[in-house]
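Undergrad: This is the structure, below, for whatever I ask next.
Numbering (mature numbering (1 follows the signal peptide of the UniProt record, and there is no 0)), first residue to last: -25 to -1, 1 to 406.
Now the structure itself:
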């Protein structure tokens, strides 16, 4: 079974496993009550908050990204936050260990005490996208380091130990120097990072890194996070994931599907996916963190990131939905994860089941006669919350492709990839 998992093209089974069945049961009471705005020289601030001119030049911004429910964490933060403190509020699941690592780091490296600003980001699937069920699998974290302009310098999957922090910060400083050296030549910067990655990754990753090099055109390269970059990056991750799973299976003795849970625990340690992160560095380094954060989280965890939950950030889709909800069938098409966006949809109708004679394309044609729009998981979560809609399970038992809201009915209809489209076509045709 492990071989089947590691050969899955997008490794959706592995990366989506935790989202489908859970992560950890977090509620407002589960968050630490300890204020963590400042601790032994470690300054916590709100994500992407403004920096002074001197801070832009001298500071490193360390992001701690966790997969807790952003709605619950924000509510807990508002309940506890002191408005006079920067970044006040509750701790995240790995906050105590994270702060402890920095405390130990500052003992051995006091020169770094005033160099780092830490920003916490909660980006997991909220309960209204997990069927409002308690989650039970190990939680996840990503650590990323940026310069004062919020350009990504280094990242790691897991919660860093003091030794990991030293490596991450030193690598970030080296990348910052490369950025200054090649500030007008993104292609030269990418090649320099690629050379560094080639020297660092284990031999099993060399083939994947060579294929990544073939996929990337360094001529006239830019650091924009656009559709072309996202497609190339997703292909690189899809190519790299089977190598990572093969490597993890050898290193940790993983051989069965039940070992997936164990792997999630192992991934709480930075060393587990260190080669994976180093291999992706040429594609990610120096990109704007605000633009790259969603695809980075999505491809590291295999689930959509839900970051921006302020209704003001989603005014247009909220207005569109609210204006139509009570008087029409409303269809929301859910965008897939970044790893699957190059997969053709709707798929061809190849089923021999007589009940499946009608195709997904026919279903979409019928849906187009009703209010219809595409939304991200993030937008869907906010729409459900702001309109007091019932929770859905986005990823289980199989991934949701469409959510249909019928006037006068509270419970939405979730159409999944495993469904037969024909059973929904007649219903929508008669409305």
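Note that CB positions come from ideal geometry on N, CA and C, so glycine has one too. Only a predicted model underlies this, so the values are computations on that prediction, with no experimental measurement involved.
#1: How is residue 157 classed by DSSP in three states: helix, strand or coil?
#2: Give me the Cα-Cα distance between residue 62 and residue 350, rounded to the nearest whole angstrom.
#3: Once you ignore the five residues that flank residue 169 on each side, which residues in its own chain have a CB closer than 7 Å to its CB?
#4: Would you list the residues sitting across from residue 263 in a DSSP beta bridge?
#5: Are residue 254 and residue 269 closer than 7 Å when you measure CB to CB?
#6: Just tell me which of 100, 223, 105, 44 has its CA closest to the CA of residue 389.
#7: Is residue 142 closer than 7 Å to residue 92 when the C-beta atoms are compared?
#8: My understanding is that residue 239 touches residue 113, with C-beta atoms under 8 Å, so please give their C-beta distance in whole angstroms.
#9: The alpha helix (DSSP H) spanning residue 209 covers which residue range?
#10: If residue 133 sits next to residue 116, beta carbons under 8 Å apart, how far is it from one beta carbon to the other, in whole angstroms?
#11: Once the 5 residues before and after residue 317 are set aside, which same chain residues still bring their CB inside 8 Å of it?
#12: Can you list, in chain order, the residues of its chain with a C-beta nearer than 8 Å to that of residue 249? Leave out the 5 residues immediately preceding and following it.
#13: Based on DSSP bridge pairs, tell me the residues matched to residue 244.
#14: From the DSSP output, in three-state form, read off residue 166 for me.
#15: Threshold first: 3 residues or longer. Then list the beta strand (DSSP E) segments lying entirely within the stretch 300 to 370, N to C.
#16: Give the secondary structure of residue 281 by DSSP, where H, G and I count as helix, E and B as strand, and everything else as coil.
#17: Give the secondary structure of residue 98 by DSSP, where H, G and I count as helix, E and B as strand, and everything else as coil.
#18: Assuming residue 380 is part of the beta strand (DSSP E), what are its boundary residues?
#19: DSSP state of residue 23, grouped into three classes?
#20: Where do the ends of the alpha helix (DSSP H) carrying residue 74 lie?
#21: For a quick check, are the C-beta atoms of residue 300 and residue 380 less than 7 Å apart?
#22: Apply the 10 Å Cβ neighbour rule to residue 397 and answer buried if 16 or more other Cβ atoms are within range, or exposed otherwise.
#23: So what's residue 395 in DSSP terms, helix, strand or just coil?
#24: Quick one: Cα of residue 107 to Cα of residue 303, how far?
#25: Cα separation between residue 35 and residue 122?
#26: Need the endpoints of the alpha helix (DSSP H) that residue 28 sits in, please.
#27: Would you kindly report the start and end of the unbroken beta strand (DSSP E) that includes residue 116?
#28: Please report the distance separating the alpha-carbon of residue 181 from that of residue 173.
#29: According to DSSP, is residue 143 part of a helix, a strand, or is it coil?
#30: Check whether the stretch 280 to 294 and the stretch 358 to 371 are in contact - that is, three or more C-beta pairs closer than 8 Å.
#31: Alpha carbons only, please: which of 391, 215, 119, 295 is nearest the one belonging to residue 335?
#32: Can you tell me whether residue 277 is buried or exposed? The criterion is at least 16 other CB atoms within 10 Å of its CB, across all chains shown.
#33: Excluding the five sequence neighbours on either side, which residues of its own chain have a C-beta within less than 7 Å of the C-beta of residue 73, listed in chain order?
#34: When burial is assigned at 16 or more other CB atoms within 10 Å of the CB, is residue 185 buried or exposed?
#35: Of all the options 306, 234, 375, which has the alpha carbon lying nearest to the alpha carbon of residue 340?
#36: Mind checking residue 354: buried by the 16 CB within 10 Å criterion, or exposed?
TA: Based on what the coordinates show:
#1: coil
#2: Note that residue 62 scores 47 on pLDDT, short of 50, meaning its location in the model is unreliable and no value can be drawn from it.
#3: 188, 257
#4: 126
#5: no
#6: 105
#7: no
#8: 4 Å
#9: 202 to 227
#10: 6 Å
#11: 206, 209, 210
#12: 131
#13: 134
#14: helix
#15: 305 to 309, 347 to 350
#16: coil
#17: coil
#18: 375 to 380
#19: coil
#20: 70 to 83
#21: yes
#22: buried
#23: coil
#24: 26 Å
#25: 5 Å
#26: 28 to 33
#27: 116 to 121
#28: 7 Å
#29: helix
#30: yes
#31: 391
#32: buried
#33: 39, 134
#34: exposed
#35: 306
#36: buried
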